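Colleague: The working numbering applies: residue 4 is where the sequence shown begins, and numbers increase by one. Yeah, the Cβ is synthetic: ideal placement off N, Cα and C, and Gly gets one too. Please read all numbers here as calculations on a predicted model, not as lab measurements.
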Amino acid sequence: MRIAKEESSSSAAQAISLISALKELQGVTALDLNKLLRDSENFTIHYLTEKGSLLKIDMEKLAGSLPLHLTTLLMSGVRDEALFRYLLRGIRLLHSLCELASRNSKFEQILLDDVKMMEQLTDLVFYMLIVLGGYRQEYRAFSYMHLMHSTLVACNLHLLTAFVSTQWQDIVHVLLAHPKVDIFMDAAFGSVRMIVSFLENALVAYHEDISVESNLTAEQMVYYLCQQCEASLQFLQSLCQQKMFKERLLKNKELCEKGSILFLAQSILKLHIQPSFPSRIMAAISRLKAKILSILLSLCEAESISYLDEVASSVRSLDLAKSVALEVFDLLKKAFGRDPGHLTADRSFPMGFVQLNAMRLADIFSDDSNFRSYMILCFTKVLTAIISLSHGDFLSCWCSSNLSETEEDASIEYDIFAAVGWILDNTSPDVRNATNLEFNLIPNSMPKASYAHHRTSLFVKFFANLHCFVPNICEEQERNLFVLKVMECLQMDLSNLLPGFSFASDAPKAAIASKNLRSLLSHAESLIPNFLNVEDVQLLRVFFGELQSLFTSTGFGENQVQDSKFDESLSWDKLSKFNMNEHYQEAQSAGGCPPSLTGKEHASLNKKGGNFKEGMSENSAFPDMDQHNTRAEETNQGKGLNKQNQVDDKGIPGKTASGGAREMDKDAQNVETSGSDSSSAKGKNVVDNMDNGELSKSNERLKRTAVEENPEDEKIELSQRRKRKRTIMNDKQVMLIERALKDEPDMQRNAASLQSWADKLSGHGSEVTSSQLKNWLNNRKARLARTARDVKAAAGDDNPVPEKQRGPVPGSYDSPGSPGDVSHVARIASGDNKSELARFVDIGSPEFGHCNAGQNVVLVGVRGDEIGRGKVFQVHGKWYGKSLEELSAHVVDISELKSDKGMRLPYPSEATGNTFAEAETKLGVMRVLWGSNRVFALRPE
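#1: Per DSSP, what are the beta-bridge partners of Ser948 in this structure?
#2: By alpha-carbon positions, which one of Leu299, Arg341, Gly864 ends up nearest to Ser498?
#3: Under a three-way DSSP split, which group does Pro446 fall into?
#4: Which of helix, strand or coil does DSSP assign to Tyr138?
#5: Keeping to the same chain, check which residues put their C-beta closer than 6 Å to that of Met224; ignore five residues upstream and five downstream.
#6: By how many angstroms is the C-alpha of Asn855 removed from the C-alpha of Gly30?
#7: Ile389 lies in the alpha helix (DSSP H); which residues open and close that run?
#8: Measuring alpha carbon to alpha carbon, tell me which of Phe485, Gly262, Leu302 ends up nearest Lys246.
#9: Please state whether DSSP places Ser146 in a helix, a strand or coil.
#10: Do you know offhand how far Leu242's Cα is from Lys464's?
#11: Spatial neighbours of Tyr138 within its chain, please: CB distance less than 7 Å, with the 5 preceding and 5 following residues excluded, ordered by chain position.
#12: Could you check whether Ser448 and Asp539 sit closer than 9 Å to each other, using their CB atoms as the reference points?
#13: Does DSSP put Ser403 in a helix, a strand or coil?
#14: Can you grab the Cα-Cα spacing for the pair Ala305 / Phe504, in whole Å?
#15: Distance check for Leu493 and Leu501, CA to CA, integer angstroms please.
#16: Is Asp322 near the ligand NAD, going by C-beta to nearest heavy atom under 8 Å?
#17: Once you ignore the five residues that flank Asp173 on each side, which residues in its own chain have a CB closer than 7 Å to its CB?
#18: First and last residue of the beta strand (DSSP E) that includes Tyr50?
#19: According to DSSP, simplified to helix, strand and coil, what is Leu155?
#20: Secondary structure at Glu1, three-state DSSP: helix, strand or coil?
#21: Alpha carbons only, please: which of Phe46, Met131, Leu36, Glu44 is nearest the one belonging to Pro70?
#22: For Leu440, which of Phe332, Ala421, Ala455 has the nearest alpha-carbon?
#23: Decide yes or no for the touch test of the stretch 928-935 against the stretch 885-902: beta carbon pairs closer than 8 Å, at least 3 of them.
#24: Is it a yes or a no for the stretch 84-100 touching the stretch 43-54, going by three-plus beta-carbon pairs under 8 Å?
#25: Determine, using beta-carbon pairs with one atom in the stretch 397-409 and one in the stretch 517-525, whether at least three such pairs fall under 8 Å.
#26: What distance in whole Å lies between the Cβ atoms of Asn373 and Ala315, which are believed to be in contact at a cut-off of 8 Å?
#27: Closer than 8 Å by C-beta to Leu321: which residues in its own chain qualify, once you throw out the five before and the five after it? Chain order, please.
#28: Between Ala208, Gly864, Tyr910, Leu469, which lies nearest to Trp882 when the distance is taken from Cα to Cα?
#29: Do the stretch 276-284 and the stretch 324-334 make contact, defined as three or more Cβ pairs closer than 8 Å?
#30: Output the distance between the C-alpha atoms of Ala514 and Leu550, rounded to the nearest integer angstrom.
#31: Pick out whichever of Val156, Gln358, Tyr417, Leu484 has its Cα sitting closest to the Cα of Leu380.
#32: If you draw a straight line from the alpha carbon of Asp61 to that of Leu28, how long is it in whole angstroms?
#33: Excluding five sequence neighbours on each side, which residues of the same chain lie with their C-beta closer than 6 Å to the C-beta of Leu39?
#34: Out of curiosity, what's the CA-to-CA distance linking Thr430 and Ile419?
#35: For His161, which of helix, strand or coil comes out of DSSP?
#36: Kindly indicate the opening and closing residues of the alpha helix (DSSP H) around Gly558.
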């Protein structure tokens, strides 16, 4: 009994000692702690308190006990302001100890090399987020508890960078290895959502000028909440940009299927920015919106699981997703309707890539079957208003490389020590004059011209995606829906949608829209291939042709100049009954050219040339019509190819894959490919694909439309049938079938073999049917034959190309733009690089697609353009943690770069650089990782 009392007394004394040490040392920096340790013996320091007493502290015991001590306090259930203050002190001290470990190797062994300690630290972060995520908020707008809660969330998340690693891939590895990672995800997003609710209440109270009973002003409290919210959201954004974390997140039903992330997005996008708010608060809220849009983009661009399909799996989550889409559309409407000089007034605080990220997300919505019709319904008025602007305004906003308004993003450099110190000091009753806290903002901008071109390219894709109709994929009621909706909107007064601009009241809208669309087409052509694909511009051209046909057939706009009013006789019913098939055929016969630009006029245009100023040429919008028709005839003469084969056989590039995980604060580089580029393509030559008035896209990245009355399993089956995926097989499946073709080159003629291999391939990825495999093989055969023919023609080789397949080409996939595409060789052959192409090895030789270390090579881009030349450095093994075999890539030393040094690399990383310039700076030589299918050996001199 006596022993028990002594043990109890001893543990109580230790707890008191721990509490005293925590309170005294929580304000000491890691640098000062390191000095105290150097002067100590056996990790026991002597610290002189403010009251003058000397405190003896065993640092080893303190570090070993602190995580478990804080966790125990959390479980006590008494969660008041006193507890929050104590926890903040504990987190601050833990952060200093972790920093100390990086300065003191012996202390690092005690704190960070101990597996048990790492587990306790991780459990503390997890459990504290669970508690904070379930916190029941007070109804008072300005509350110290809200400030402390938001600080605890941000500090807990950023504590992971202190005791795990500053590298996001390392943090992700630790999180995913934890058995409670799904609980962490739920708690982290839930905690941030709680902060947003605090901020929302504070903003309302601040706008209504509700008094604050504190030494802090309302502005200081609102801004501090903004800072903590941004720091927490930025941490989640960094995690979501890591591929492994993103894929695990997409499997979390609570966050994805049940819409928890969408609720967070909705609450942030609904935060209202009042014009009376100080600039720093307006900028902080704007950056919050940019970051949540970036998170949604990361999820939508995932390759393994379709996020939009997950949220469309139930009527409730689909409705929630549409409400978020509506917020995005409303955000864009405000951005498009703003005075171009609006952002130039105060540029002291970066606003984030709000408009650009919103446009990228809207691009994804426009190409998804679940949202396409909804976007037409909600956003066509805005698009119509834009093409109805005066020609000068339209050119300056959408056909220019020098916008007066651009965006700048920034990431917050969060400091746990400073954040905790500010909240503890300024919420103390002893402090009368509160200080301001500013975190360093690391800017992330992009060149004006690049920003303008990205913005215009996304605008073009809106029209391309919304106008495209794919039979058996799109709903029948969507046929011609967009162009008819545009016609309907042209009859309305849309000037209130874009208040920052003036509209010409006396000019006919049809003439204005036609003139603007011609200029847009001309400018769009100059953005190929760096910002736009041929197919996108071609779809815009077809849309314009049909709109012109509607103008002509309905007489819309003919008498507007005289009457100064719209022709009210043009009704929706009349438009709905309009025979669009005839005009599709007209567009096809003229290569997408409207009737007003066919025949003699087209011939005269060809004589004029195309040397017009950027954005000013109206007649260069329809080039090379004869070439389009010739390609269509040649393609349609192919034998044994169904319609889908023809779609796959055009040799026109698909969309560029955005590819995998991204690093934090690289949105300026990320936007170089559209959000939907990673998962969608619209065919190869839309004019070639028009049949009986139906404009078709290739079967790719199809999303399902949620059918409320159908059972859940029927919805899932519908989703699989309606998913628009560019390729039917993954890399592993393609590799297997390519190997099999070496032994059986005519597999497509053997039904039994087709069925056998279809079954085998289905075991390594998505299901592949025998008919799909046969189509894939036919496409492959036709593509290789055409490519070989083009290469030999360019090289001056008159030898005939044998009809029989010459064997597998390494990495030959079933669609352009995919990692193993060889169609770019054909595109080079048909371009201006014939003399250069003669230096490549014969495509039919065994050497094609295979290079050795030390070999001189040419690097080719996804559009077939030559990027540069150099020498192969490595072809096997690992390079900076990346397996060259798994990526099908080579490491190449660039000796002659023909592209811009700022061009983003296909495999960016912090270690090796994101651009050619960064690679040269980091490695000393311009050494880059490049897809082996786009590395070609040069013929020996």
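Modeller: The answer reads as follows:
#1: Residue 948 lies beyond the stretch modelled for the chain, which goes from 4 to 944, so this question has no answer here.
#2: Arg341
#3: strand
#4: coil
#5: Phe145
#6: 59 Å
#7: 375-390
#8: Leu302
#9: coil
#10: 29 Å
#11: His152, Met197
#12: no
#13: coil
#14: 38 Å
#15: 14 Å
#16: You won't find the ligand NAD in this model; it holds no ligand whatsoever.
#17: Val167
#18: 47-51
#19: helix
#20: The structure shown does not extend to residue 1, since the chain is modelled only from 4 to 944, so the question has no answer here.
#21: Met131
#22: Ala421
#23: yes
#24: no
#25: yes
#26: 5 Å
#27: Val314, Ala315, Asn373, Ala709
#28: Tyr910
#29: no
#30: 11 Å
#31: Leu484
#32: 12 Å
#33: Ile48
#34: 17 Å
#35: helix
#36: Unbroken run through Gly558: none, as it is neither H nor E.
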